[in-house]
Structure formats: C-alpha cells, structure tokens
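Its first residue numbered 3, the sequence shown is counted upward by one per residue in the numbering used here.
Positions of the beta carbon are idealized from the N, C-alpha and C atoms, including for glycine.
Written out below as structure tokens is the structure these notes cover.
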Amino acid sequence: MGSLGGDAEPQGARRRPRFLCLHGFRTSGEIMRKQVLGKWPADVTARLDLVFADAPFPAEGKSDVEGIFDPPYYEWFQFDKGLALTRVPKVKYLIIIGGAKFQSPTVAGKAYANKIACPSLHFIGENDFLKVHGEKLIESCVDPFVIRHPKGHTVPRLDDESLVVMHRFLEKIEGEVLEYSSKDVNETEVGM
C-alpha cells in the first residue's frame with residue numbers, strides 16, 4: 003500500500019513528516035487509511051506523508067471489523083511460529099493510536115530501558131480495553147502529547163480540543179523536519 007500523497011513533493015515545497023502507519027490486529031493498511039482519512043480533517047492529513055502498510059501474515063481467526071470493513075485482514079505476528087523483535091531503525095516521531103506498553107516484564111525491560119525521547123502523540127480512548135497499558139506507555143515517553151477521547155480502541159475523530167493538541171504536535175515535528183531538510187541541503191552542498 004502506498005503513500006497517502008503518493009507523488010513526490012514539488013521542488014521547494016515544504017517536506018512533510020512521513021509516518022509508517024501500522025494497522026491493528028486483524029485489519030489492514032486500507033482499513034486504517036479509510037479510518038484516518040474519514041475521521042481526520044484534510045488540514046491535518048495534508049501536513050503528513052502517510053504510508054499505510056499491510057502486515058505480512060493473513061489473519062487467522064475472526065476479525066473485529068468483519069461486517070464493517072471488507073477483507074482481507076492481516077496480522078503482524080504469528081506467535082505460534084515464534085517471535086523475535088530485533089533492532090528498530092531510529093524513529094524520529096510517533097503517533098500512537100490505542101497503543102499499549104509491552105506487558106511482559108522481560109520485553110518491557112529491554113524495550114523501555116531508556117525513555118522514548120522522540121516527539122510522540124498518543125490517543126487514549128476512555129473506553130479502550132488497553133487504556134491502562136496505554137497510560138503506562140505514556141509514562142515511558144519524554145514530553146508526550148496526549149489526546150483523550152470518549153471512544154474505545156479506535157481511530158477517533160478530532161474535536162476542537164484534540165485539534166489544538168494535534169496542531170501543536172505537528173508544529174513541533176514540522177520544525178524538526180525543516181531542520182533535518184536544512185542539514186540534508188547543507189551536507190549536499192558541501193559534498194557530504
């Protein structure tokens with residue numbers, strides 16, 4: 003599944019922060035694309051370069067979105083085949099919707115040995131079954147932005163209060179993208 007924008011940005015255009023959008027359990031990149039584009043205003047999504055990927059494994063079992071969204075559905079992990087989480091490339095910023103801190107003490111001890119220092123935006127649903135673990139994840143981050151909503155484990159619509167937080171987060175990361183872009187240009191100019 004490709005980028006939301008798809009096309010290269012015109013020369014001189016402001017570079018948008020790119021997000022790899024990883025869908026939830028037994029859904030798909032297309033479902034997540036429909037949820038985000040259907041619920042978030044265009045003035046927000048136009049500021050992001052969103053790439054919606056499908057997980058590598060066909061879903062085994064019934065999907066919670068069956069009857070709402072058409073298949074195919076995918077899963078990121080197949081635990082019965084073994085699971086190994088290795089190094090993750092450097093992440094510059096995060097948007098986490100209905101996320102949760104790893105619950106295994108062994109995995110959590112390694113994953114959160116240091117606080118997550120990149121800018122992060124967290125969506126916490128009042129009725130999300132993972133709310134407690136989402137709150138614990140927030141505690142593992144340095145200066146997180148948080149949007150709370152009355153729904154459950156879902157991509158929420160952005161109300162006026164949420165939009166203020168979203169725009170503050172976007173301003174922060176756009177400043178960093180501009181800084182990275184300037185470094186790229188300077189390094190190119192001096193042949194690095």
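Which two residues bound the contiguous beta strand (DSSP E) that contains residue i?
{"i": "G127", "result": "S122 to G127"}
{"i": "L195", "result": "In the structure as shown, the chain starts at 3 and stops at 194, and residue 195 therefore has no counterpart that could be examined."}
{"i": "I97", "result": "L96 to I99"}
Ordered along the chain, which non-local residues of its own chain (more than five positions away) have a Cβ less than 7 Å from that of residue i?
{"i": "A113", "result": "F104"}
{"i": "G101", "result": "H124, G136 and L139"}
{"i": "E191", "result": "Residue confidence for E191 is low, a pLDDT of 38 falling below 50, so the modelled location carries little weight; the figure read from the coordinates is stated next. Hits under 7 Å: none found."}
Cutting at 8 Å between CB atoms, please list the residues of its own chain near residue i, excluding the five before and the five after it.
{"i": "E68", "result": "Y75"}
{"i": "K117", "result": "S142, C143 and V144"}
{"i": "A110", "result": "K103 and F104"}
{"i": "V167", "result": "L123, F147, V148 and I149"}
{"i": "P107", "result": "none"}
How would you write the range of the alpha helix (DSSP H) that residue i sits in, first residue to last?
{"i": "D51", "result": "From DSSP, D51 is part of no alpha helix (DSSP H) but of the beta strand (DSSP E) over D51 to A55."}
{"i": "H151", "result": "Counting along the chain, H151 falls outside any alpha helix (DSSP H), though it belongs to the beta strand (DSSP E) covering F147 to H151."}
{"i": "K138", "result": "K133 to E141"}
Have a look at the options and flag the residue whose alpha-carbon is nearest the alpha-carbon of residue i.
{"i": "K41", "options": "S164, V93 and L123", "result": "S164"}
{"i": "G63", "options": "F27, F131 and K92", "result": "F27"}
{"i": "P43", "options": "V157, K174 and E128", "result": "V157"}
{"i": "I99", "options": "Q37, F71, E173 and R16", "result": "Q37"}
{"i": "A61", "options": "V53, E176, C120 and H25", "result": "H25"}
{"i": "C120", "options": "H155, F71 and K94", "result": "K94"}
{"i": "T29", "options": "F71, D45 and R49", "result": "F71"}
{"i": "G241", "options": "D162, E128, H169 and F171", "result": "It is not possible to answer for residue 241, since the shown part of the chain is limited to 3 through 194."}
{"i": "P152", "options": "R170, F131 and H169", "result": "F131"}
I think residue i touches residue j, with their Cβ atoms under 8 Å apart; what is that distance to the nearest whole Å?
{"i": "I126", "j": "E137", "result": "7 Å"}
{"i": "R49", "j": "L172", "result": "5 Å"}
Can you find the residues in the same chain that come closer than 6 Å, C-beta to C-beta, to residue i, ignoring five residues on each side of it along the sequence?
{"i": "P146", "result": "S122, H124 and I140"}
{"i": "W78", "result": "A57"}
{"i": "C23", "result": "M34, L52 and F54"}
{"i": "V179", "result": "R17 and P19"}
{"i": "K174", "result": "P121"}
So, with DSSP's three-state summary, where would you put residue i?
{"i": "P202", "result": "There is simply no residue 202 to check, as the chain begins at 3 and stops at 194 in what is shown."}
{"i": "F71", "result": "strand"}
{"i": "T47", "result": "helix"}
{"i": "T108", "result": "helix"}
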